[in-house]
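K.L.:
The structure is given below, and queries will be raised subsequently.
There are 2 protein chains.
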Amino acid sequence: MVSESRKKNRVTLLDVARHASVSRATASLVIRKSPLVSTETRAKVEAAMQELGYVYNMGAARLRADKSLTIGVVIPNLVNPFFTELLAGIETVIDAAGMVVILVNSGDLVTRQETLLTRMREHGVDGIILCPAADTKMSLVERMAEWDLPLVQVLRHVTDDCDYAGVDYGVGMHQAVGHLVELGHRDIAFAVHGPVHSAYQERVDGFREAMEARGLYPNTIIRVPNQMAAIADSAELFSSGPGRSSAVVCFNDVVALGLSAGLYDLGITIGRDFSLVGFDDVADAEAMRPRLTSVATFPEAIGEGAAKLLLDRLTQPDLPPRKLVKAPQLRIRQSSARWSGTGLGRVQNSG
Amino acid sequence: MVSESRKKNRVTLLDVARHASVSRATASLVIRKSPLVSTETRAKVEAAMQELGYVYNMGAARLRADKSLTIGVVIPNLVNPFFTELLAGIETVIDAAGMVVILVNSGDLVTRQETLLTRMREHGVDGIILCPAADTKMSLVERMAEWDLPLVQVLRHVTDDCDYAGVDYGVGMHQAVGHLVELGHRDIAFAVHGPVHSAYQERVDGFREAMEARGLYPNTIIRVPNQMAAIADSAELFSSGPGRSSAVVCFNDVVALGLSAGLYDLGITIGRDFSLVGFDDVADAEAMRPRLTSVATFPEAIGEGAAKLLLDRLTQPDLPPRKLVKAPQLRIRQSSARWSGTGLGRVQNSG
DNA sequence: CAACTGATTTAGATCGATCTAAATCGTCGC
DNA sequence: GCGACGATTTAGATCGATCTAAATCAGTTG
Numbered sequence: 006m007v008s009e010s011r012k013k014n015r016v017t018l019l020d021v022a023r024h025a026s027v028s029r030a031t032a033s034l035v036i037r038k039s040p041l042v043s044t045e046t047r048a049k050v051e052a053a054m055q056e057l058g059y060v061y062n063m064g065a066a067r068l069r070a071d072k073s074l075t076i077g078v079v080i081p082n083l084v085n086p087f088f089t090e091l092l093a094g095i096e097t098v099i100d101a102a103g104m105v106v107i108l109v110n111s112g113d114l115v116t117r118q119e120t121l122l123t124r125m126r127e128h129g130v131d132g133i134i135l136c137p138a139a140d141t142k143m144s145l146v147e148r149m150a151e152w153d154l155p156l157v158q159v160l161r162h163v164t165d166d167c168d169y170a171g172v173d174y175g176v177g178m179h180q181a182v183g184h185l186v187e188l189g190h191r192d193i194a195f196a197v198h199g200p201v202h203s204a205y206q207e208r209v210d211g212f213r214e215a216m217e218a219r220g221l222y223p224n225t226i227i228r229v230p231n232q233m234a235a236i237a238d239s240a241e242l243f244s245s246g247p248g249r250s251s252a253v254v255c256f257n258d259v260v261a262l263g264l265s266a267g268l269y270d271l272g273i274t275i276g277r278d279f280s281l282v283g284f285d286d287v288a289d290a291e292a293m294r295p296r297l298t299s300v301a302t303f304p305e306a307i308g309e310g311a312a313k314l315l316l317d318r319l320t321q322p323d324l325p326p327r328k329l330v331k332a333p334q335l336r337i338r339q340s341s342a343r344w345s346g347t348g349l350g351r352v353q354n355s356g
Numbered sequence: 006m007v008s009e010s011r012k013k014n015r016v017t018l019l020d021v022a023r024h025a026s027v028s029r030a031t032a033s034l035v036i037r038k039s040p041l042v043s044t045e046t047r048a049k050v051e052a053a054m055q056e057l058g059y060v061y062n063m064g065a066a067r068l069r070a071d072k073s074l075t076i077g078v079v080i081p082n083l084v085n086p087f088f089t090e091l092l093a094g095i096e097t098v099i100d101a102a103g104m105v106v107i108l109v110n111s112g113d114l115v116t117r118q119e120t121l122l123t124r125m126r127e128h129g130v131d132g133i134i135l136c137p138a139a140d141t142k143m144s145l146v147e148r149m150a151e152w153d154l155p156l157v158q159v160l161r162h163v164t165d166d167c168d169y170a171g172v173d174y175g176v177g178m179h180q181a182v183g184h185l186v187e188l189g190h191r192d193i194a195f196a197v198h199g200p201v202h203s204a205y206q207e208r209v210d211g212f213r214e215a216m217e218a219r220g221l222y223p224n225t226i227i228r229v230p231n232q233m234a235a236i237a238d239s240a241e242l243f244s245s246g247p248g249r250s251s252a253v254v255c256f257n258d259v260v261a262l263g264l265s266a267g268l269y270d271l272g273i274t275i276g277r278d279f280s281l282v283g284f285d286d287v288a289d290a291e292a293m294r295p296r297l298t299s300v301a302t303f304p305e306a307i308g309e310g311a312a313k314l315l316l317d318r319l320t321q322p323d324l325p326p327r328k329l330v331k332a333p334q335l336r337i338r339q340s341s342a343r344w345s346g347t348g349l350g351r352v353q354n355s356g
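Line order of the protein sequences matches chains A and B. Take the position in the first sequence, starting the count at 1, then add 5; the result is the number in my numbering. Take the position in the second sequence, starting the count at 1, then add 5; the result is the number in my numbering.
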């Protein structure tokens, strides 16, 4: 039996201590780099560790010391590049702190999220970074506070009584709409998709406000499917019929990429006949042609920010709840062009 | 102090046992769903757990039972969609088995990989799924075998003495090249990038063999940069000069997307003037227009396969090393077209 | 030389579960 | 009524580290 042998000849701290003729306690101090031990004994113990091939057993340490150097990350989706960039940012910071990430995928389902969170708790993670699934109740976060489990909300939030790292979606929408209006567009649609959550709501509200602030009616908010191929097929919702517009602001770059493909299929040239503005500016957007104008939200930086918030909270549990809301930045490229009047678009229905 | 209080009022198995007036051992049996306990006591204990709000402490259990319900996943890159689809597959299977994934990113650096692997070992993972960083030595895997730490190699392999889940890249290359040859192309280039590892070598060798098997000289193998934007800028390497060709097989879809963008910038119409075949068929490729012909390698399925191999090995450590090599599938779309003779391409330099 | 430092080292309890080996219980056959 | 037997239950040791509080040691000092 493999596990038998692994267990049998495992060298423990006691073995190391004996081999170095010191006590278990001293050996423990050496491992933890305590300044209490003398240089000589430290050397002796380290040599012994080397010779015996000692492997630190975090499990034992965690039991006694009640910390695991482990943090849980709950994400609703692993294929959307936005979330993986976020994850990369989190992983970088956590790793640099000498901790590891336990990753789970909630699939944006509250019930799964519930079981996953208890599982993390059982595993004894030191803290959790959560992008709450749609329909997550505030009570969940309150319950977790009772668990004394440090929590950071990321990208979406269900309560203000808890750290949060995210994006100022409202500002981003103002940038997107403002840009299109400056180019002369007035029939601007908004293409949304995905589950409804705080980030969704903020984007929609942001769009509405941005339009109204410019005296335009935000009445063309159209829902598209979630799968890339299906999004492409729904492009004609924007090029003809009641939703006909001269420009579309997209909920995110996935929608932008999909619509771009769909408009191409319809023979419409983006950046000439039609304008498109994406949201998030994920890496894949760089491959689109014409180049996608997009509102950059820096998911990797957000991930790093969230991880830092959590690390801070681990050392200072009594900090008041903090918010890290990053301002997005409009990246103007080729997919948005001056309104030609000859392309699509219809008579403006507002003053 | 938060951690104080968390520690203080933690309810342990002993508390539960007392509350249910049974022994600690019996309570433990109930948790582990042992058939030894009577239905009544089981109910009693479960009620007690409920009332006291008991939380299972995996850390303690793992220490005694020497298993952690945790597996380590080491991936060289978190932003390439290919790896995240792989990761999604792994996570699905591991999660279904009631275990969790500890995720780390080696950045394709052997030195980092080394420290990460020992870190996983210290954390007591039950097994590891590793996509070996470029330049990983066979000795690493041998050393891990000595650790008695179950290991599955994924996508790349450095030894045959260890489970492996991957793709038959050779077959994929034959499909890609064969398709282009059938369309009349003879000047077929291969665009590679990234670090050199087994999967890299297999793709290159596969391309060479596929070309030679058809009487063509595989002498146009060109290295492009790693970043999307830079790949696009290198597209002219294939449209003019000594590398001039009528079709390109791409190392992966990232290269294909990049070249597609670059060729667009040069005013070359893919699927008419020039043919492009991608490799991997990741989800993002669906958004490309014209639609990308690509060799599908099913990363998610590979991830699932790797996870299953590992789960099997956990229960049967003495199984001989197994290989799960999936055959890819050519997806013909619009980016590859019959050689027109009027587009790019040059006089064939072989018989 | 005893008392008192400050710097190191240590014995022994402890974290919260699981495992082993033995105890207890109710029932049954004789 | 007694020993046996299967079904349950349990006491106590154990996993491998950390923590606490106390011991030890080498110098100083009065």
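Backbone N, C-alpha and C fix where the C-beta goes; we use that ideal spot for every residue, glycine too. These numbers were taken from a predicted model, which means no experiment stands behind them.
Taking CB distances under 8 Å as the criterion, tell me whether residue 224 (chain A) reaches chain B.
P.N.:
No, because no Cβ of chain B sits closer than 8 Å to the Cβ of residue 224 (chain A).
K.L.:
So residue 264 (chain B) is in the beta strand (DSSP E); what residue range does that whole segment cover?
P.N.:
DSSP places residue 264 (chain B) outside any beta strand (DSSP E); the residue lies instead in the alpha helix (DSSP H), whose first and last residues are 258-270.
K.L.:
Among the residues of its own chain, which have a CB less than 7 Å from the CB of residue 61 (chain B), if the five just before and after it don't count?
P.N.:
36
K.L.:
Would residue 266 (chain B) pass as a contact of residue 237 (chain B) if the rule is Cβ separation under 8 Å?
P.N.:
Yes. Within cutoff.
K.L.:
In chain A, which residues lie with their C-beta within 8 Å of the C-beta of residue 127 (chain B)?
P.N.:
60, 61, 62, 63
K.L.:
Cα-Cα, which of A:42, A:280, A:220, A:315 is closest to residue 244 (chain A)?
P.N.:
A:280
K.L.:
With C-beta atoms as the reference, is residue 160 (chain B) less than 8 Å away from residue 204 (chain B)?
P.N.:
Yes, they are a contact pair.
K.L.:
What is the DSSP secondary structure of residue 285 (chain B), reduced to helix, strand or coil?
P.N.:
strand
K.L.:
Output the boundary residues of the beta strand (DSSP E) element that contains residue 171 (chain B).
P.N.:
168-172
K.L.:
Assign residue 39 (chain A) to one of two classes, buried (16 or more other C-beta atoms within 10 Å of its C-beta) or exposed (fewer than that).
P.N.:
By the neighbour-count rule (16 or more Cβ atoms within 10 Å), residue 39 (chain A) is not buried but exposed.
K.L.:
Taking a cut of 8 Å between CB atoms, which residues from the stretch 33-60 of chain B lie near chain A?
P.N.:
Cβ contacts with chain A come from 60.
K.L.:
With DSSP collapsed to three states, give me the class of residue 206 (chain B).
P.N.:
helix
K.L.:
Using a Cβ-Cβ cut-off of 8 Å, state whether residue 265 (chain A) counts as contacting chain B.
P.N.:
yes
K.L.:
Are there 16 or more other CB atoms within 10 angstroms of the CB of residue 338 (chain A), so buried, or fewer, so exposed?
P.N.:
Its Cβ being crowded by 16 or more others within 10 Å, residue 338 (chain A) is buried.
K.L.:
For the stretch 219-239 of chain B and the stretch 285-292 of chain B, state whether three or more C-beta atom pairs, one from each stretch, are separated by less than 8 Å.
P.N.:
no
K.L.:
Can you tell which of A:285, A:113, A:34 has its C-alpha closest to the C-alpha of residue 332 (chain A)?
P.N.:
A:285
K.L.:
Taking the CB atoms as reference points, tell me whether residue 154 (chain A) and residue 167 (chain A) lie closer together than 8 Å.
P.N.:
For residue 154 (chain A) and residue 167 (chain A), no; Cβs fall outside 8 Å.
K.L.:
Check the Cβ-Cβ distances between residue 233 (chain A) and every residue of chain B, and say whether any is below 8 Å.
P.N.:
yes
K.L.:
Would you kindly work out how many angstroms separate the C-alpha atoms of residue 133 (chain A) and residue 99 (chain A), rounded to a whole number?
P.N.:
When only Cα atoms are considered, residue 133 (chain A) and residue 99 (chain A) end up about 12 Å apart.
K.L.:
With distances taken from CA atoms, which of B:29, B:196, B:34, B:163 is nearest residue 259 (chain B)?
P.N.:
B:196
K.L.:
Show which residues of chain B have a CB atom less than 7 Å away from the CB atom of residue 89 (chain A).
P.N.:
Ordered by position in chain B, the residues that pass the 7 Å Cβ test against residue 89 (chain A) are 83, 84, 89.
K.L.:
On the CB-based measure, 16 or more other CB atoms within 10 Å of its CB, does residue 21 (chain B) come out buried or exposed?
P.N.:
buried
K.L.:
Taking a contact to mean a Cβ-Cβ separation below 8 Å, would you say residue 128 (chain A) touches residue 105 (chain B) in this structure?
P.N.:
yes
K.L.:
Is the Cβ-Cβ distance between residue 84 (chain B) and residue 109 (chain B) less than 8 Å?
P.N.:
No.
K.L.:
Do residue 65 (chain A) and residue 19 (chain B) count as a contact pair if the criterion is CB distance below 8 Å?
P.N.:
no
K.L.:
Taking only three categories from DSSP, how would you classify residue 148 (chain B)?
P.N.:
Here residue 148 (chain B) sits in helix by DSSP.
K.L.:
Residue 87 (chain B) by DSSP, collapsed to three states: which one?
P.N.:
helix
K.L.:
Terminal residues of the continuous beta strand (DSSP E) containing residue 254 (chain B)?
P.N.:
252-255
K.L.:
When you check each C-beta in the stretch 93-108 of chain B against every C-beta of chain A, which residues fall closer than 9 Å?
P.N.:
93, 96, 97, 100, 103, 105, 106, 107, 108
K.L.:
Is it buried or exposed, residue 165 (chain B), if we count other Cβ atoms within 10 angstroms and call 16 or more buried?
P.N.:
exposed
K.L.:
Run through the stretch 297-346 of chain A for me and flag every whole alpha helix (DSSP H) of 4 or more residues, listed as ranges in chain order.
P.N.:
304-320
K.L.:
Residue 305 (chain A): which of A:170, A:219, A:269 sits nearest, CA to CA?
P.N.:
A:170
K.L.:
Please name the residue or residues paired with residue 195 (chain B) in a DSSP beta bridge.
P.N.:
Beta-bridge partners of residue 195 (chain B) (DSSP): B:226, B:254.
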